[in-house]
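Structure first, then comments.
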Amino acid sequence: MYCGKVSTGGGINGMKQHLVGKKGEIRVCPKLLPDVRYQMEQALKEVVEKKKEDRENYVTNNPYGSHVIERDHIAEYDDIEEIERQESREKSAQPSVGKGKTRIGQRQSSKIGDFFAPRTTPGSQPTIKSVLAGEDAVKKAHLEVAELFYDTCIPINACNSRYFQRMFNAALAIGTGYKVPTYHELRLPLLKDAKKEVQLWVDNIRSIWAHCGCTIMGDGWTDNRN
Numbered sequence: 000m001y002c003g004k005v006s007t008g009g010g011i012n013g014m015k016q017h018l019v020g021k022k023g024e025i026r027v028c029p030k031l032l033p034d035v036r037y038q039m040e041q042a043l044k045e046v047v048e049k050k051k052e053d054r055e056n057y058v059t060n061n062p063y064g065s066h067v068i069e070r071d072h073i074a075e076y077d078d079i080e081e082i083e084r085q086e087s088r089e090k091s092a093q094p095s096v097g098k099g100k101t102r103i104g105q106r107q108s109s110k111i112g113d114f115f116a117p118r119t120t121p122g123s124q125p126t127i128k129s130v131l132a133g134e135d136a137v138k139k140a141h142l143e144v145a146e147l148f149y150d151t152c153i154p155i156n157a158c159n160s161r162y163f164q165r166m167f168n169a170a171l172a173i174g175t176g177y178k179v180p181t182y183h184e185l186r187l188p189l190l191k192d193a194k195k196e197v198q199l200w201v202d203n204i205r206s207i208w209a210h211c212g213c214t215i216m217g218d219g220w221t222d223n224r225n
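Start counting the sequence shown at 0; every next residue gets the next number (numbering that gives the first Met the number 0).
See below:
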């Protein structure tokens, strides 16, 4: 399907090893897409786990003892044991960092904590102490913002501006050492920078006027006379 390999032996198990990429007697498919190989590997793992479960149930419920296995189950058990031996060889071939340390590339068992973000991660589940302390801090921050509005007579609907939250996000990204712009910076250099951004946005729109046309609408007009 991928590399055009024609095999006259090995059976289904050999084809599985060829697609999954298990190194051994079967040559690995050189053209198999990584995502397809991953899906095939996951499907094989599910089959192996199911066979392991069936084997355990069969041995447990076998009235003749665990040493007696029916002919139909022998081939399945051989596949499971072969895969287990191959995985064991791959793990033993991996170099170790040092005595008593985990081998490089060896998969570690998943822990419950691996599925939850650390406390320091933004958006992670906070502790009760941080929640209680955070409520007071939020109220204080809200009051500081409100006092700015009241002291300078800023219209309340200014908080609906798309730049309002973005302003705080940019400051928080820098940290507590951030210093707000001065009167001079707001009056001259920052105003020029903002004008440049608007001009670039307008130029980008004007570039498509030649193809789609342009309609200018307004509720008033102001020129030198009016």
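Idealized CB from N, CA, C, for every residue including glycine.
Here DSSP, grouped into helix, strand and coil, assigns Cys152 to coil. Between the C-alpha atoms of Arg165 and Thr151 there is a straight-line separation of about 20 Å. Residues of the same chain with a CB within less than 7 Å of the CB of Leu189, apart from the 5 flanking positions on each side, are Pro180 in chain order. Just so you know, the alpha carbons of Cys213 and Leu199 end up roughly 18 Å apart. When the Cα atoms are used, Lys139 and Lys178 turn out to be separated by approximately 19 Å. The three-state reading of DSSP puts Pro180 in coil, since its state is none of H, G, I, E or B. Membership of Pro188 in the alpha helix (DSSP H) is indicated by the continuous run Pro188 to Arg205.
Val197 and His183 have their C-alpha atoms some 21 Å from each other. Between Ile153 and Leu147, the CB-CB gap stays under 9 Å. A direct Cα-to-Cα measurement between Asp34 and Asp53 gives close to 29 Å.
For Asp53, the three-state secondary structure derived from DSSP is helix. In this structure, DSSP gives Met39 a helical state, which the three-state scheme calls helix. By the neighbour-count criterion, in which 16 or more other beta carbons inside 10 Å mark a residue as buried, Cys158 falls on the exposed side.
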